[in-house]
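Colleague: This is the structure I have questions about; it appears just below.
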Amino acid sequence: MSLFISSKDKTPIEILVDYNGPKLDQAPGIIIAHPYGPLGGNMNNNVVMALKEYFLNQGYITICLNFRGCGHSKGKTSWTGMPERDDYISVIDAILDDQIQKELPKVNRLILCVR
């Protein structure tokens, strides 16, 4: 499921959430970050997609994101990485929120795959 969440500064951030495991109450999750945006990085990067497919096949809820300024996310890439850190934290908060997880198992542990 593709959707947008708001980062801490209200910048819309594009995320892609997938799960094809059995109907369970709980499942592990992984959030996969992409390489630096100005150098062509986005959630469709071949390494990001390979990790996504691997963990999806292991029963994980996978979450890929486009940091600000990448893909359909709004805003601009920073030089400090601080706004992008806030984007990532916002994704963590969103996936642990029951509103996004209505159709998904509850995340019982979370792997953070960062750039």
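Using full-length UniProt numbering, the first residue of the sequence shown is number 1, and each one after it goes up by one.
Where a beta carbon is used, it is the ideal one built from N, C-alpha and C, also for glycine.
These numbers come from a predicted model, not from an experiment.
(1) Need the endpoints of the beta strand (DSSP E) that Val91 sits in, please.
(2) On the three-pair Cβ rule with 8 Å, is the region 27–36 touching the region 58–72?
(3) Excluding the 5 residues preceding and the 5 following Lys34 in the sequence, name in chain order all residues of the same chain whose CB lies nearer than 6 Å to its CB.
(4) Tell me the residue span of the alpha helix (DSSP H) that contains Asn20.
(5) Could you spell out the range, first to last residue, of the alpha helix (DSSP H) harbouring Leu51?
(6) Is it true that the CB of Glu53 sits closer than 9 Å to the CB of Arg68?
(7) Find out if the Cβ-Cβ distance for the pair Tyr88, Leu65 is shorter than 9 Å.
(8) Based on Cα-Cα distance, which residue from Phe55, Lys76, Leu110 and Thr77 lies nearest to Ile95?
Modeller: This is what the structure gives:
(1) Val91 -> not in any beta strand (DSSP E); alpha helix (DSSP H) instead, spanning Met82 to Leu96.
(2) yes
(3) Per the sequence shown, residue 34 should be read as His rather than Lys. Taken in chain order, the residues that qualify are Gly41, Asn42, Met43, Asn45 and Val48.
(4) Segment: none, Asn20 is in no alpha helix (DSSP H) and carries neither H nor E.
(5) Asn46 to Asn57
(6) no
(7) yes
(8) Leu110
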